[in-house]
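Participant: The structure is given below, and queries will be raised subsequently.
2 protein chains.
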Amino acid sequence: MLKGKQTWTFANKPVILETGVTGGPFEANGEIAGDFDILYSDLWMEQDSYEKAHRHLMEKAVELALEKGKIDKEKVQFFLAGDLINQITPTSFAARTNGIPYFGLFGACSTSMEGLALSAFITNYGGANYVLTGASSHNAAVEKQFRYPTEYGGQKPPTAQWTITGAGVALVAPNGSKQGVFPHIVSATIGKVIDMGLKDPFNMGGAMAPAAVDTILAHFNDTGLTPDDYDLIITGDLGQIGRETAMDLLKQKGCKINQEKFKDCGLMIFKKDQPVMAGGSGAGCSAVVLYGHILNEMIQGKYKKILLVATGALLSPLSVQQKNSIPCIAHAVAIEYGMKS
Amino acid sequence: MLKGKQTWTFANKPVILETGVTGGPFEANGEIAGDFDILYSDLWMEQDSYEKAHRHLMEKAVELALEKGKIDKEKVQFFLAGDLINQITPTSFAARTNGIPYFGLFGACSTSMEGLALSAFITNYGGANYVLTGASSHNAAVEKQFRYPTEYGGQKPPTAQWTITGAGVALVAPNGSKQGVFPHIVSATIGKVIDMGLKDPFNMGGAMAPAAVDTILAHFNDTGLTPDDYDLIITGDLGQIGRETAMDLLKQKGCKINQEKFKDCGLMIFKKDQPVMAGGSGAGCSAVVLYGHILNEMIQGKYKKILLVATGALLSPLSVQQKNSIPCIAHAVAIEYGMKS
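In structure tokens, the structure reads:
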């Protein structure tokens with residue numbers, strides 16, 4: 654059902670039945686290492702290219718979600734996923750492996766919530782009994798494509814962010830088992846492209862902050878809710894600079910969010926002493942933090958209702974070379990933990 | 654409603670209210686030039702790069718669809734679109750221009766029907782009053798990225814296809830005006846990734862043919878329909894070689910389709926004497942042929958019910974360099990012209 658112009662509310666509150674979360678060596682030393690299903694000790698993952706390792710991360714996350722959920726892949730109707738690599742080949746090759754009818758998505762680092770919003774809409778209306786959705790990134794594959802091969806040892810300014818290595822996948826269904834307690838998808842707000850004219854690809858958090866704010870305000874405007882209705886509002890990967898900018902912009906717009914309640918996936922995934930500059934990023938970032946860490950915390954009773962606002966910078970190396978500014982987007986999904994009311 | 658494993662049937666039969674179709678100089682000399690709303694006489698379209706011209710094609714198609722449909726863009730809830738360029742920047746920049754909440758899609762040349770299927774699902778269930786969906790490609794931008802800049806004058810084998818320059822957009826709504834006669838979206842079949850091991854990026858029609866066949870067979874299997882239920886079955890851009898391969902495969906599988914009824918967008922867009930090798934291709938190909946030419950023919954009474962099977966080769970230059978085979982996909986959408994029954 655359409656609640657506001659850009660927000661869907663889901664009367665049937667589809668559930669996240671199970672998740673699969675994979676990560677790399679940097680994530681293994683991170684703050685939420687315990688929330689991954691599998692952590693690889695090197696970036697190659699027994700593949701002969703970083704792009705194939707990237708594909709493997711997604712294949713494994715899908716496999717794990719199905720295994721943990723005890724669902725045959727033949728029962729899954731659709732796979733909605735994407736990544737940052739040109740023509741999203743790691744995801745498309747993973748779709749070849751799992752053989753599930755496939756919607757390729759591109760929303761840069763907002764892909765995770767683009768996919769979860771569509772999956773919730775589809776399952777809410779009986780369009781599928783089971784859907785898999787997710788996003789992934791691989792540090793060395795992404796760096797090689799967007800900047801330089803990591804082997805060059807190029808330096809970056811402190812505003813830059815560290816692309817995470819990992820994949821997060823959710824198995825979404827119209828219902829959980831009877832009497833079961835699950836994370837339910839309550840609503841989703843689809844973002845517009847916002848571009849404030851920033852051109853520095855080494856400060857994407859700053860560029861993306863206005864998009865996050867636009868979507869957060871649209872969510873509250875469309876639903877009539879306020880920040881008090883959520884225990885946690887988590888942006889995708891604004892990092893240190895983007896989070897501060899977003900806080901300032903929200904304040905300017907008269908939207909008061911308690912600082913303790915306003916977190917960022919890019920600031921949650923790594924330890925403070927890891928050399929990740931302004932924080933983590935990458936299409937996998939919000940996917941692994943939500944489907945790993947945050948859902949675990951919800952299950953442990955720490956949060957009842959959250960809003961995940963995944964942010965994406967829709968640039969390319971070529972668009973930067975052609976001196977374009979950075980178009981950004983954010984999609985928000987509200988998740989409630991409990992029995993279906 | 655879910656009819657079969659990978660097919661949706663739309664009880665409310667959403668309508669294609671209006672379309673916007675733009676094209677380039679090669680298309681202006683083509684077979685269906687009269688079906689474009691605007692044809693540009695050169696590839697630059699008053700922009701300073703081919704990528705910006707590519708963006709402009711999509712912006713203009715959106716503008717035209719809204720103008721012709723007499724719908725303010727503020728009334729349109731979602732824009733679902735994509736293209737072939739890295740990180741689909743032409744589409745994302747067009748989404749910045751129109752400011753409509755945006756789902757970025759990547760399905761290579763199958764993107765048009767990926768978007769139409771999702772738009773139909775969304776409008777069928779009241780998820781939006783108006784949705785815009787489409788796909789585009791630009792010959793020089795795509796050639797530069799996937800192969801060589803066209804200025805090099807590189808030669809190609811006769812199995813290769815010619816990327817079309819154009820954008821096709823549809824304005825989709827739950828209903829048309831009362832008593833109005835419109836193209837209605839009846840069902841959609843989402844394809845799996847099919848890869849028969851072909852590795853030649855200069856014969857993508859051959860690589861994509863098995864994916865088209867897989868989706869066509871799934872469509873008939875899921876819906877219980879047969880080729881006799883359609884006046885026309887049109888593949889996206891298999892070209893000469895792919896179309897023949899698809900015909901052979903369908904015959905092998907016991908699916909008899911009259912040759913006259915089985916067309917291909919890549920073989921409809923250009924004249925026989927244009928030097929396009931095995932035919933047209935590109936994400937814009939099925940979009941402009943359907944939203945321009947075929948819908949016009951339906952309105953003229955030539956066809957009542959058609960099945961458009963858009964095919965996509967999900968490769969990248971890097972995946973080819975790494976000696977991967979070509980994963981392919983096809984999505985099918987059934988369209989019926991008439992009053993809502």
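These protein sequences, in sequence, are chains A and B.
So for the first sequence, the numbering used here puts the first residue at 654; every next one is plus one.
So for the second sequence, the numbering used here puts the first residue at 654; every next one is plus one.
The beta carbon of each residue, even a glycine, is placed where N, CA and C say it ideally should be.
1. Please decide whether PHE835/B counts as near chain A, where near means a Cβ-Cβ distance under 9 Å.
2. For chain A, is any of its Cβ atoms less than 9 Å away from the one on TYR778/B?
3. Where does the unbroken beta strand (DSSP E) through ASP917/A begin, and where does it stop?
4. Any Cβ of chain A within less than 9 Å of the Cβ of LEU670/B?
5. By DSSP's criteria, ALA755/A is part of a beta bridge. Which residues make up the other side?
6. Please name the residue in GLU699/A, THR675/A, SER694/A whose C-alpha comes closest to that of ASP688/A.
7. Considering just the uninterrupted stretch of the alpha helix (DSSP H) at THR803/B, what are its terminal residues?
8. Between PHE756/B and chain A, is the shortest Cβ-Cβ distance under 9 Å, so that the two count as touching?
9. Give me the subset of the region 738-751 of chain B whose CB atoms are less than 7 Å from a CB atom of chain A, sorted by chain position.
10. Note down the Cα distance separating GLU680/B from TRP815/B, rounded to an integer number of angstroms.
11. Using only the alpha-carbon positions, how far apart do VAL729/B and ALA983/B sit?
12. Any contact between the region 788-800 of chain A and the region 789-803 of chain B? By contact I mean 3 or more CB pairs, one from each, below 8 Å.
13. Among LYS723/B, ILE741/B, LYS666/B, whose alpha-carbon lies nearest the alpha-carbon of PRO970/A?
14. What residue does the alpha helix (DSSP H) around ILE952/B start on, and which one ends it?
15. Pull up the DSSP beta-bridge partners for GLY815/A, would you.
16. Would you please verify whether the beta carbon of LEU961/B is less than 9 Å from any beta carbon of chain A?
17. Here's the rule: buried if 16 or more other CB atoms are within 10 angstroms of the residue's CB, otherwise exposed. What is GLN975/A?
18. Just reading off the beta strand (DSSP E) that TYR990/A is part of, what are its end residues?
19. Would you be able to state if there are at least three C-beta pairs under 8 Å between the region 903-913 of chain B and the region 803-822 of chain B?
20. Which two residues bound the contiguous beta strand (DSSP E) that contains PHE923/A?
21. What do you get for ASP901/A, buried or exposed, if any count of 16 or more other CB atoms within 10 angstroms of its CB means buried?
22. Got a sec, what are the start and stop residues for the beta strand (DSSP E) THR842/A sits in?
23. Find the residues of chain A that neighbour ILE838/B, judging by a C-beta separation of less than 9 Å, and give them in chain order.
24. Can you name the residues of chain A whose CB is closer than 7 Å to the CB of GLN975/B?
25. Quick check: GLU767/B and ALA966/B, are their CB atoms within less than 9 Å of each other?
26. What does PRO980/A reach in chain B if we use C-beta pairs closer than 7 Å?
27. Just grab the DSSP bridge partners of LYS958/A for me.
28. Please decide whether LYS845/A counts as near chain B, where near means a Cβ-Cβ distance under 9 Å.
29. Give a yes or no on whether the minimum CB-CB distance between ASP730/A and chain B is below 9 Å.
30. The alpha helix (DSSP H) with LEU717/B in it runs from where to where?
31. Which residue from GLY932/A, THR879/A, VAL784/A, CYS918/A puts its Cα closest to that of GLY724/A?
32. For ASP917/B, return the contacting residues in chain A, with the cut-off set at a CB-CB distance below 7 Å.
33. Are the C-beta of GLY850/B and some C-beta of chain A separated by less than 9 Å?
34. How is VAL674/B classed by DSSP in three states: helix, strand or coil?
35. By how many angstroms is the C-alpha of LYS958/A removed from the C-alpha of GLN953/B?
36. Does any CB atom of chain B fall closer than 9 Å to the CB of GLN814/A?
Facilitator: Working from what's here:
1. With 9 Å as the cut-off, PHE835/B does not count as an interface residue toward chain A.
2. Judged by the 9 Å Cβ criterion, TYR778/B is in contact with chain A.
3. It spans 915-917 - the beta strand (DSSP E) in which ASP917/A sits, taken as one unbroken run.
4. With 9 Å as the cut-off, LEU670/B does not count as an interface residue toward chain A.
5. In the sequence on display, residue 755/A carries Tyr and not Ala. Looking at the DSSP output, TYR755/A shares a beta bridge with PHE732/A.
6. The shortest C-alpha separation from ASP688/A is found at THR675/A.
7. Per DSSP, THR803/B belongs to no alpha helix (DSSP H) and is neither H nor E.
8. By this cut-off, PHE756/B is an interface position.
9. Residues ASN739, GLN740, ILE741, THR742, SER745, PHE746, ALA748, ARG749.
10. Rounded to the nearest angstrom, the two C-alpha atoms are 11 Å apart.
11. Approximately 27 Å, taken between the alpha carbons.
12. Contact fails: fewer than three Cβ-Cβ distances are below 8 Å.
13. The candidate whose alpha carbon is nearest that of PRO970/A is ILE741/B.
14. Looking at the DSSP string, the run of the alpha helix (DSSP H) that includes ILE952/B is 948-952.
15. According to the sequence as given, residue 815/A is Trp; it is not Gly. Answer is GLY933/A, bridged to TRP815/A.
16. For LEU961/B, no Cβ of chain A is located within less than 9 Å of the residue's own Cβ.
17. Counting the other Cβ atoms within 10 Å of the Cβ of GLN975/A gives fewer than 16, which makes it exposed.
18. DSSP places TYR990/A in the uninterrupted beta strand (DSSP E) bounded by 981-991.
19. As far as the Cβ criterion goes, the region 803-822 of chain B does not touch the region 903-913 of chain B, which means the pair count is below three.
20. For PHE923/A, there is no enclosing beta strand (DSSP E), since its DSSP letter is neither H nor E.
21. With fewer than 16 other Cβ atoms from the protein chains shown falling within 10 Å of its own Cβ, ASP901/A counts as exposed.
22. It spans 835-842 - the beta strand (DSSP E) in which THR842/A sits, taken as one unbroken run.
23. Around ILE838/B, no beta-carbon contact reaches into chain A at under 9 Å, the shortest distance being about 14 Å.
24. Here the neighbours are SER702, GLU704.
25. Not in contact: GLU767/B and ALA966/B (Cβ atoms no closer than 9 Å).
26. What PRO980/A touches in chain B: SER745, PHE746, ARG749.
27. Under DSSP, LYS958/A takes part in a beta bridge, and its partners are GLU989/A.
28. By the rule that beta-carbons nearer than 9 Å mark a contact, LYS845/A touches chain B.
29. In the sequence on display, residue 730/A carries Gln and not Asp. Taking Cβ atoms only, chain B reaches closer than 9 Å to GLN730/A, which makes this a yes.
30. LEU717/B -> alpha helix (DSSP H) spans 703-722.
31. Per the sequence presented here, residue 724/A reads as Ile, with Gly not at that position. The option with the nearest alpha carbon to ILE724/A is VAL784/A.
32. The contacting residues do not exist; ASP917/B stays about 22 Å from chain A at best.
33. Against chain A, the CB of GLY850/B has no partner CB under 9 Å away; the residue lies outside that interface.
34. It is a strand residue.
35. Rounded to whole angstroms, GLN953/B to LYS958/A spans 54 Å at the Cα level.
36. No, its Cβ sits nowhere closer than 9 Å to a Cβ of chain B.
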